[in-house]
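Position one of the sequence shown corresponds to residue 1 (full-length UniProt numbering), numbered consecutively onward.
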Amino acid sequence: MTALWEAVLSRKPANARALAAAGADPWRLSLGGWSPGRLSLAGPTPELFPVPEGVSLSDTERAAAQEAHRLTASLGEFYYDGTGLACVSGIDAAEAVRRLQATPVVDDGLLDVLNELLEDPYAYDMDESLHIVGVTSVPGGCVVTQPWGYAPQMPGVLARLSAGTACYGLYANPKSGNQGSIARHGTVEGSDLHPGGGPDENDTSAQVLASYLYQHDAVAYACAFAGLRPTDRRAVTGPPDVWVELPRRDYWSH
């Protein structure tokens, strides 16, 4: 990777222009078949370099860039350290609750406990608070959230949610950074991923583009992976459509 590629990826247009003026080639291919120049067409400074004839984004790439702009603006900037999410494609909140065999929190006693928990979740033992999650329908699917813990990203939760579809699990670990997982058709296919981080050397063209569009925005990356199109951040931060209690079972060995 070149210094020019890093400047474009980091969205430092002044650095990128200086490097190009010094002779760096904006159209030299780098990761995933992208050049720094073509990647810049998907970002906030598409006029960064003079564009050679015939070089452009595909319709699919242009649509991905437009949706990334809409999605990141809709979610806005907010603090989400400690939050766990599962972004599930193609099912609504009711179906997610059914798949998890979860119980909606409607009992007055449980609601009182939940309200106390929401006021200060870290005052409770994690084993006691971990089984409560929020579920919300959004365009494209649904979000399972836990603003204080990792429960939505546990393998057994992702496996159940992803039957016949796909989902992306995220835990914004306050100690070690964002941790991602991918589940498809009931199987966890990828774990220890780094949503919101930079692209990797072996990434596909689409993966490089997604890493660029959602850099430093792990929540938006997770939503986009699952094809979710939320119009605000309520599905992540609450209040959700419904709070539910997960059955007590081993979610680590599925």
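Don't be surprised by glycine CBs; every beta carbon is placed ideally from N, CA and C.
| Item | Value |
| --- | --- |
| Taking the beta strand (DSSP E) that D192 belongs to, which residues open and close that run? | T187 to L193 |
| Going along the chain, which unbroken runs of the alpha helix (DSSP H) with 4 or more residues stay wholly within the region 111 to 191? | 126 to 129 and 155 to 161 |
| Using a threshold of 8 Å, state whether the C-beta atoms of A224 and A18 are closer than that. | no |
| Taking a contact to mean a Cβ-Cβ separation below 8 Å, would you say A172 touches D232 in this structure? | no |
| Quick check: the Cα distance between L48 and L71, rounded to an integer number of angstroms? | 23 Å |
| From the DSSP secondary-structure annotation, give me the bridge partner or partners of C223. | Looking at the DSSP assignment, C223 forms no beta bridge with any residue, so it has no partner. |
| In whole angstroms, what is the alpha-carbon distance linking P174 and G37? | 35 Å |
| For the putative contact between G190 and S181, defined by C-beta atoms under 8 Å, what is the C-beta separation to the nearest angstrom? | 6 Å |
| What beta strand (DSSP E) runs, 3 residues minimum, are completely inside the region 54 to 90? | 84 to 89 |
| Please report the Cβ distance between G141 and G227, rounded to the nearest whole angstrom; I am assuming they are in contact, meaning their Cβ atoms lie under 8 Å. | 7 Å |
| Please classify P52: does DSSP put it in a helix, a strand, or coil? | coil |
| List the endpoints of the continuous alpha helix (DSSP H) containing V106. | Run containing V106: none; DSSP gives neither H nor E here. |
| Identify every residue that forms a DSSP beta bridge with V242. | V135 |
| Kindly indicate which residue of Y251, V244, W243 and G238 has the alpha-carbon position closest to the one of Y79. | G238 |
| So, helix, strand or coil for G198, using DSSP? | coil |
| State the DSSP-derived secondary structure class of A42, mapped to helix, strand or coil. | coil |
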